[in-house]
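Engineer:
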Ligand SMILES: [Zn+2]
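Residue numbers (full-length UniProt numbering): 1 to 616.
(1) Shortest alpha-carbon distance to residue 355 belongs to which of 145, 543, 18?
(2) Specify the secondary structure class of residue 155 as computed by DSSP and reduced to three states.
(3) To the nearest angstrom, how far is the alpha carbon of residue 332 from that of residue 41?
(4) Excluding the five sequence neighbours on either side, which residues of its own chain have a C-beta within less than 8 Å of the C-beta of residue 599, listed in chain order?
(5) Any heavy atom of ligand 1 closer than 7 Å to the CB of residue 111?
(6) Given that a residue counts as buried once 16 or more other Cβ atoms are within 10 Å of its Cβ, and exposed if not, what is residue 505?
(7) Do residue 317 and residue 368 have their beta-carbon atoms positioned less than 8 Å apart in this structure?
(8) Exposed or buried, what is residue 98 when buried is set at 16 or more other beta-carbons lying within 10 Å of its beta-carbon?
(9) For ligand 1, is there a heavy atom less than 7 Å away from the beta-carbon of residue 383?
(10) Go through its chain and collect everything with a Cβ distance to residue 703's Cβ below 8 Å, but skip five positions before and after it.
(11) By Cβ distance, which residues of its chain are closer than 7 Å to residue 456, with the 5 residues on each side in sequence left out?
(12) Measuring only from the beta carbon, is residue 93 closer than 7 Å to any heavy atom that is part of ligand 1?
(13) Assign residue 316 to one of three DSSP states: helix, strand, or coil.
(14) List the whole-angstrom C-beta distance separating residue 290 from residue 265, where the pair is believed to meet the contact cut-off of C-beta under 8 Å.
(15) Since residue 412 and residue 388 are thought to touch, with beta carbons under 8 Å apart, how far apart are those beta carbons, to the nearest angstrom?
(16) Only counting the same chain, and skipping five residues up and downstream in sequence, which positions put a Cβ closer than 7 Å to that of residue 188?
(17) Among residues of its own chain, excluding the 5 on either side of residue 254, which ones have a beta-carbon nearer than 7 Å to its beta-carbon?
(18) I need the straight-line Cα distance from residue 346 to residue 300, nearest angstrom please.
(19) Between the stretch 71 to 86 and the stretch 118 to 126, do three or more beta carbon pairs fall short of 8 Å?
(20) By how many angstroms is the C-alpha of residue 559 removed from the C-alpha of residue 566?
(21) Taking the beta carbon of residue 518 as the centre, do at least 16 other beta carbons fall within 10 Å, making it buried, or is it exposed?
(22) Report the rounded CA-to-CA distance for residue 462 versus residue 63, giving the unit in angstroms.
(23) Does the Cβ of residue 165 have 16 or more other Cβ atoms within 10 Å, making it buried, or fewer, making it exposed?
(24) Taking 8 Å as the CB-CB limit, is residue 427 close to chain C?
(25) Using CA atoms only, rank isn't needed, just tell me which of 464, 50, 220, 422 is closest to residue 490.
(26) Looking at the unbroken alpha helix (DSSP H) that takes in residue 43, where does it start and where does it end?
(27) Give me the Cα-Cα distance between residue 249 and residue 386, rounded to the nearest whole angstrom.
(28) Looking only at DSSP bridge pairs, what is residue 583 linked to?
(29) Answer with buried or exposed for residue 272, where buried requires no fewer than 16 other C-beta atoms within 10 angstroms of its C-beta.
(30) List the whole-angstrom C-beta distance separating residue 5 from residue 32, where the pair is believed to meet the contact cut-off of C-beta under 8 Å.
(31) So residue 127 and residue 239 are in contact, right, with Cβ under 8 Å, and what is the actual spacing, rounded?
(32) Within 7 Å: the Cβ of residue 101 and any heavy atom of ligand 1?
(33) Leaving aside the five residues before and after residue 564 along the sequence, list all residues of the same chain whose C-beta is less than 8 Å from its C-beta, in chain order.
(34) Going by CA-CA distance only, name the one from 409, 305, 157, 251 that's closest to residue 217.
(35) Who are the near neighbours of residue 568 in its chain, counting only those whose CB is closer than 7 Å to its CB and skipping five residues on each side?
(36) Is any heavy atom of ligand 1 found at a distance shorter than 7 Å from the C-beta of residue 153?
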């Protein structure tokens, strides 16, 4: 893909005569791409079977004359009122059996055959109309699968489909009963028809049922996507994508990315801004296909949907664009082009004001686009990696040892921060990926480690850090007979007992005091060396062990502990006070702060302006 810069544009929200003026403004801002169309179903099909594409025809023709490419979004995230009123069975149902109402978005069930028929039809209409247009540069199917917690539906359509999914997986009901341990609490099934989705119950569901339901729900979203993409492919050879979301874990993005020609995602910034969190998401998106990705929606300033929709310095937008490009993006589209005074997102900021005038954010975006338009897109070099399997997010949610613990923010993000604070690139690796080139692999609390990955670990020559609860569960979400299953020989330890801890627990490493959090494990040392011990009242228990290149931590480490550990096994602190990404023969330094910074880099001191960057 060539580099793409622009915004998400909604011509249906404005007077048609505004189009020519907008395109003129877009050209002055350095746009070469826009995304349109993804919420316009009721606009192009106001009544069943009555289509009016004349506005989009005019828009696309105007973009075509001005050399701006169009990413066409298909509109299935927003089924219109006429469809919902005539077919209420397409609506999602929550755990308690309540149908979601019309009036927002993402209210459809992925498994409704009626909805799939209508969704295919409107997707086909878009594809027929614009499939051969040279102005269309890519397709976005639907919008933000899973947004507003919409992946899991509990309706009768889903129940029926789930039973079939289970039958295909287990073949006979006895195999399912055995795998799920249904003898517990008298849950044995005689027939597939007796199995329901994990709807609201008085206490916990069977964790095996819950995990399979998460797998099934993720597969359902991916199957929906595949069906819609099939319609587009009948008429167009242009690449197909979907806009993934920050910190979403309900859909297996690795599996979904196999269906995409390129990965794109929507970069929204939490109120308590943490540049490492944004960096982690960029690195995760790049790692899905190990290829450059597109930021399909870049937040320009305040949004409308957080508890507090914070003000952001317009200059920060330039930094967000630079950060995404440094982490391997091939472009950035700002969401949205112009602020809209009506509808559910009226507080959301944009490049243009409500009255159509330019905001300072438009100038910041223009400068950000210009800075990277002629730069080569490079992939950061492979240095360190963190292991991810989406199924572990689901295990984390379906059976909890400590309800205060979050796999993503307390384990994976902490490992990421420790590595990034020292100045090392981080890739995310998935069970199918090759790990042989990394000098360090981190396995943060991966409850279930697949056999294929355990095999790779047995021949891995880099340094390995593994934290508590890793390889403690099997594929059915049941406890392994031995923990950490398949890793005892590599790590030289065995977990003989474990429990949650309410308060962080002191431990000693290299003569310094650190904290382990959330979980404490009791280890039996096989042939590892103890390099860190818990303190009172658990001073008899090893906290950190080492066998050759393999380190085990019998708790959830804080960031400073990990940094100390990394420094003691041959890693160094490369940078102070900025973000750094390393490429073959060069590095990019970024200052994420609103003030000028003096950065220590090797023996040099480098000054970076607020929110600015430097290519070394
Ligand atoms: Zn459903």
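Quick reminder that beta carbons are idealized off the backbone N, C-alpha and C, glycines included.
Structural biologist: Walking through what the data contain:
(1) Taking the first residue of the chain shown as 1, we reach residue 355 at position 355. Distance from the Cα of residue 355 is smallest, within the candidate group 145, 543, 18, for 18.
(2) The residue labelled residue 155 in the question sits at position 155 within the chain shown. Residue 155: coil per DSSP, three-state reduction.
(3) Within the chain shown, residue 332 is the residue found at index 332, counting from 1. Within the chain shown, residue 41 is the residue found at index 41, counting from 1. So the two alpha carbons sit approximately 25 Å from each other.
(4) By 1-based counting over the chain shown, the position of residue 599 is 599. Here the set comprises 575, 576, 577, 578, 589, 591, 605, 606, 607, 608.
(5) Residue numbering aside, residue 111 sits at position 111 when the chain shown is read from its first letter. Residue 111 Cβ: within cutoff of ligand 1.
(6) Sequence index remark: in the chain shown, residue 505 carries index 505 (1-based). When all chains shown are included, residue 505 counts as buried.
(7) The count along the chain shown starts at 1 and reaches residue 368 at position 368. The count along the chain shown starts at 1 and reaches residue 317 at position 317. Cβ atoms of residue 368 and residue 317: closer than 8 Å.
(8) As a working note, residue 98 is residue 98 in the chain shown. Counting Cβ neighbours within 10 Å, residue 98 comes out exposed, since fewer than 16 surround it.
(9) The residue given as residue 383 occupies position 383 in the chain shown. False, no ligand heavy atom lies under 7 Å from that Cβ.
(10) Summary: the structure shown does not reach residue 703, with the chain confined to residues 1 through 616, and so no result is reported for it.
(11) Walking along the chain shown from the start, residue 456 turns up at place 456. The answer, listed in chain order, is 435.
(12) If you number the chain shown from 1, residue 93 lands on position 93. Yes - ligand 1 has a heavy atom lying nearer than 7 Å to the Cβ of residue 93.
(13) As a position in the chain shown, residue 316 is number 316, starting the count at 1. In the structure shown, residue 316 sits in a helix (DSSP, three-state: H, G or I).
(14) Taking the first residue of the chain shown as position 1, residue 290 is located at position 290. Taking the first residue of the chain shown as position 1, residue 265 is located at position 265. Between residue 265 and residue 290 the Cβ distance is about 15 Å, and since that is not below 8 Å, they are no contact.
(15) Numbered from 1 along the chain shown, position 412 holds the residue referred to as residue 412. Numbered from 1 along the chain shown, position 388 holds the residue referred to as residue 388. Right, their Cβ atoms sit about 7 Å apart.
(16) The residue you call residue 188 lines up with position 188 of the chain shown. Hits under 7 Å: 177, 182.
(17) The residue given as residue 254 occupies position 254 in the chain shown. Cβ within range, chain order: 288, 390, 430.
(18) Locating residue 346 in the chain shown gives position 346, where the first residue counts as 1. Locating residue 300 in the chain shown gives position 300, where the first residue counts as 1. Each residue's Cα considered, the two are about 14 Å apart.
(19) yes
(20) Within the chain shown, the letter at position 566 stands for residue 566. Within the chain shown, the letter at position 559 stands for residue 559. Straight-line Cα distance between these residues: approximately 11 Å.
(21) One-based indexing of the chain shown puts residue 518 at position 518. Per the 10 Å Cβ criterion, buried.
(22) Translated into the one-based positions of the chain shown, residue 462 becomes position 462. Translated into the one-based positions of the chain shown, residue 63 becomes position 63. The straight-line gap from Cα to Cα measures roughly 51 Å.
(23) Sequence index remark: in the chain shown, residue 165 carries index 165 (1-based). Per the 10 Å Cβ criterion, buried.
(24) Although the question refers to chain C, the structure presented lacks it and comprises just one protein chain.
(25) Start at 1 with the first residue of the chain shown, and residue 490 comes out as number 490. Considering only alpha carbons, the answer is 464.
(26) One-based indexing of the chain shown puts residue 43 at position 43. Looking at the DSSP string, the run of the alpha helix (DSSP H) that includes residue 43 is 41 to 44.
(27) Taking the first residue of the chain shown as 1, we reach residue 249 at position 249. Taking the first residue of the chain shown as 1, we reach residue 386 at position 386. Cα atoms of residue 249 and residue 386: separation of roughly 16 Å, rounded to the nearest angstrom.
(28) Counted from its first residue, the chain shown places residue 583 at position 583. 586, per the DSSP bridge assignment.
(29) Position 272 of the chain shown, counted from the first residue, corresponds to residue 272. It counts as exposed.
(30) To locate residue 5, count along the chain shown from 1; it is residue 5. To locate residue 32, count along the chain shown from 1; it is residue 32. Residue 5 to residue 32, Cβ: 6 Å. Contact.
(31) For the purposes of this step, residue 127 is taken as residue 127 along the chain shown, with counting starting at 1. For the purposes of this step, residue 239 is taken as residue 239 along the chain shown, with counting starting at 1. Going by Cβ atoms, the distance from residue 127 to residue 239 rounds to 14 Å, so no, they are not a contact pair.
(32) Locating residue 101 in the chain shown gives position 101, counting from the first residue. Residue 101 Cβ: outside cutoff for every heavy atom of ligand 1.
(33) Within the chain shown, the letter at position 564 stands for residue 564. Closer than 8 Å at Cβ, skipping near neighbours: 509, 510, 512, 514.
(34) Residue numbering aside, residue 217 sits at position 217 when the chain shown is read from its first letter. Minimum Cα distance to residue 217 is reached at 251.
(35) Here the question's residue 568 lines up with position 568 in the chain shown. The answer, listed in chain order, is 510.
(36) The residue labelled residue 153 in the question sits at position 153 within the chain shown. Because some heavy atom of ligand 1 lies under 7 Å away, the Cβ of residue 153 counts as near it: yes.
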